[in-house]
Amino acid sequence: MSNQAQVDALEHLLIAVLNSSSGAPKDYLIEKAQGTLLGNDGPGGPEQKSEAVKHLKYIASRLG
Numbered sequence: 074m075s076n077q078a079q080v081d082a083l084e085h086l087l088i089a090v091l092n093s094s095s096g097a098p099k100d101y102l103i104e105k106a107q108g109t110l111l112g113n114d115g116p117g118g119p120e121q122k123s124e125a126v127k128h129l130k131y132i133a134s135r136l137g
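Add 73 to a position in the sequence shown, counting from 1, and you land on the number used in the working numbering.
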């Protein structure tokens, strides 16, 4: 299985969970995820962090 297929599967799973969850507000979860992406736990350098945050915003736009 390719890395892209794994990422796509996880993205769709995340969207399904967030859309069906009645727990923490989605905006709060997105903000927390963005914070970790930009922090020490995030990917590589500034360019990778920026791309990851950009994709996170795309995922947030798909939430119902």
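The beta carbon of each residue, even a glycine, is placed where N, CA and C say it ideally should be. Note that the structure is predicted; figures quoted are calculated from it, not measured.
| Check | Outcome |
| --- | --- |
| Would you check if the distance between the CB atom of Thr109 and the CB atom of Gly118 is smaller than 8 Å? | no |
| Mind checking which residues open and close the alpha helix (DSSP H) that includes Gly108? | 99–111 |
| Taking the straight line between their C-alpha atoms, what separation do you get for Gly112 and Tyr131? | 19 Å |
| With distances taken from CA atoms, which of Ser94, Ala106, Ala78 is nearest Lys122? | Ala106 |
| Helix, strand or coil for Ser94, going by three-state DSSP, please let me know. | coil |
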